[in-house]
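In this note's numbering, the protein residues as written are 69 to 644.
Following this line, the structure appears as structure tokens:
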């Protein structure tokens with residue numbers, strides 16, 4: 069009995085000494101064989117980011133290409149002609165289209181202040197009509213009624229195209245719902261932007277195929293300019309399952325990772341999206357002293373130009389570390405949640421912009437054997453606001469967004485231990501920005517693609533390690549194995565990729581070069597602040613199978629930064 073108590077007390081002392089060592093040892097100075105809880109959390113956050121970008125990819129519907137400004141000029145010498153000094157737009161809802169009159173007077177060929185005949189008046193009317201159509205009012209018409217032009221005033225009449233009825237076509241499924249998907253209502257002036265948004269709301273659910281046709285209104289109650297919107301809607305089997313595997317994990321907790329994602333599309337017949345993702349290391353089992361496991365649950369539902377989404381996720385890891393005559397089990401857990409409300413506030417034929425507000429929370433704990441490392445416990449919560457923009461530049465697509473994230477004392481958030489030293493706070497303030505430019509290139513019947521993506525972070529307060537900018541690995545700077553990373557309060561990265569799609573095989577060979585830097589007070593403890601790497605890979609798809617295999621190596625790194633000289637990896641998934 070005494071011997072047992074002696075061993076138990078010695079075990080308590082060992083754990084206490086390890087906890088004390090972790091409390092005073094910076095993350096980057098820990099032994100290579102020791103897992104850093106913050107690094108594990110950041111790694112899992114990158115995996116979740118990749119999962120969400122795949123599962124929550126929003127469709128882009130463009131029914132109308134930009135209306136090109138015509139190069140027609142007003143005739144110089146028409147006969148007969150009338151001097152026009154003023155142009156008026158009248159008719160039902162004419163006050164909503166007064167801005168279109170400006171199109172009649174381009175700077176180099178103004179319609180007012182000159183003599184116009186029948187051809188000049190027709191061209192002036194056409195300019196106003198094109199301006200209205202360019203903003204999406206494709207069924208609104210502009211006419212020139214009979215009038216006396218001797219007074220110098222040209223009056224144009226607008227006939228607004230209105231929505232008379234919105235209905236599903238015959239044969240649509242029972243699960244189709246339009247009230248929260250179509251922004252237009254009967255009696256509204258028809259705008260193709262509302263139809264594009266409706267199709268995006270329908271097609272946000274991957275198993276749904278939808279189309280909307282504009283048909284002339286018929287019947288005794290039909291008025292000039294009235295149209296019906298007829299929705300063709302079809303949904304396949306609403307359940308989807310995706311199995312995936314990759315080697316993006318850490319060698320200390322399980323290099324190979326597997327996951328299963330179950331999706332239920334249009335669950336509540338609200339054009340809603342729901343999925344559950346479960347991930348696990350593909351090793352000997354989580355309870356064997358080494359491994360990872362986690363989950364992500366997401367639900368979102370649209371309403372007109374609004375989108376409400378909720379996400380919760382959790383993650384656990386374990387690692388056994390031999391130390392002398394004893395083996396320690398390091399473990400940790402984290403839980404995250406976010407409630408986000410976004411609204412698309414502008415769209416036209418070539419761009420769209422949205423804003424969002426979110427509330428978030430994050431909790432994490434780390435242990436040695438069964439003893440919690442109190443100085444690494446986190447309970448944070450706060451809010452975030454952001455803007456997102458998409459621009460179509462010819463065949464290229466530009467995406468950009470910026471966000472401000474703030475920690476508060478909500479949801480019983482606790483102060484960070486680093487606050488006593490000014491090295492971090494749970495009331496963090498961070499500005500983030502990211503974007504990408506995707507340019508398709510055709511050269512002699514060969515299809516190429518150039519993609520440049522960037523990401524940056526600026527801190528307004530000191531940050532705990534979980535809030536810092538991390539680089540090194542397949543999700544940031546490729547060519548590095550990700551076992552060792554650089555963290556800083558501020559940082560930026562640029563990823564360049566050139567892809568070549570050969571034939572109709574669905575295969576793309578790509579080359580990538582990435583560069584990144586970190587800055588901030590904590591970087592003074594690092595061996596360096598920059599990384600550059602290169603990668604070559606092959607990605608493709610066949611039916612329901614998708615794969616990506618690559619190999620890379622560092623181009624530039626600080627002296628003393630430990631990483632493999634060559635890194636290879638894969639990602640494979642199957643969806644049914």
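Glycine included, each C-beta is placed from N, C-alpha and C at the ideal position. Just so it is clear, the structure is predicted and the values come from calculations on it, not from any experiment.
Looking at 515, 642, 200, 469, the one whose alpha-carbon comes closest to that of residue 525 is 469.
Nearest C-alpha to residue 140 among 589, 198, 337: 198. For residue 232, the closest alpha carbon among the candidates 544, 454, 254, 437 is that of 254. DSSP places residue 291 in the coil class of the three-state scheme, outside both helix and strand.
Taken in chain order, the complete beta strand (DSSP E) segments of 3 residues or longer contained in the segment 391-479 are 394-415, 419-436, 446-461, 464-476. Judged by DSSP in its simplified three-state form, residue 300 adopts strand. Residue 181 sits exposed, since fewer than 16 C-beta atoms from the chains shown fall within 10 Å of its C-beta.
In the structure shown, residue 307 adopts extended strand secondary structure according to DSSP, grouped into three states. For the segment 202-244, the continuous beta strand (DSSP E) assignments of 3+ residues that do not extend past its boundaries occur at 209-211, 221-227, 230-236, in sequence order. Setting aside the 5 residues that flank it on each side, residue 331 is surrounded in the same chain by 308, 343, each with a C-beta closer than 6 Å to its C-beta; the list follows chain order. Here residue 478 is exposed. Its C-beta has fewer than 16 other C-beta atoms within 10 Å. Judged by their CB atoms, residue 424 and residue 454 are nearer to each other than the 8 Å cut-off. Partner residues in the beta bridge of residue 158, as assigned by DSSP, are 225. If you draw a straight line from the Cα of residue 126 to the Cα of residue 370, it comes to about 12 Å. Counting only the Cα atoms, residue 445 lies some 39 Å from residue 274. In the three-state reduction of the DSSP assignment, residue 330 falls in the strand class. Taking the C-beta atoms as reference points, residue 327 is found no nearer than 8 Å to residue 375. Residue 256 is a Cβ neighbour of residue 230, given a cutoff of 8 Å. Distance from residue 295 to residue 207 at the Cβ level is roughly 5 Å; contact confirmed, criterion being Cβ atoms closer than 8 Å. Within the same chain, and ignoring the five residues on either side of residue 629 in sequence, the residues whose Cβ sits closer than 7 Å to its Cβ are 552, 595, 596. For residue 636, the closest alpha carbon among the candidates 591, 622, 276 is that of 622. In the three-state scheme derived from DSSP, where H, G and I count as helix and E and B as strand, residue 382 is classed as strand.
DSSP places residue 576 in the uninterrupted beta strand (DSSP E) bounded by 575-587.
The residue among 583, 612, 512 with its C-alpha nearest the C-alpha of residue 601 is 583. Beyond the five residues adjoining it in sequence on each side, residue 568 comes within less than 6 Å, by CB distance, of 516, 577 in the same chain, given in chain order. Distances from the CA of residue 259 to each of 222, 287, 205, 404 were compared; the closest alpha carbon is that of 205.
Per DSSP, the continuous beta strand (DSSP E) segment holding residue 621 begins and ends at 613-624. Under the Cβ criterion (8 Å, minimum of three pairs), the segment 381-389 counts as touching the segment 402-420. Here the segment 272-291 makes contact with the segment 300-316; the two share three or more CB pairs at distances below 8 Å.
Under the three-state reduction of DSSP output, residue 641 falls in the strand class. Sequence-distant partners of residue 192 (beyond 5 residues in either direction) whose C-beta falls short of 6 Å from its own C-beta, in its chain, are 172, 179.
Residue 438 and residue 314 have their C-alpha atoms roughly 30 Å apart. Where residue 116 is concerned, the enclosing alpha helix (DSSP H) starts and stops at 105-123. In terms of Cβ geometry, residue 188 and residue 143 form a close pair [threshold 8 Å].
Under the DSSP definition of a beta bridge, residue 364 partners with 345, 381.
Excluding the 5 residues flanking it on each side, residue 520 has same chain C-beta neighbours closer than 8 Å at 504, 505, 562, 563, 564, 565, in chain order.
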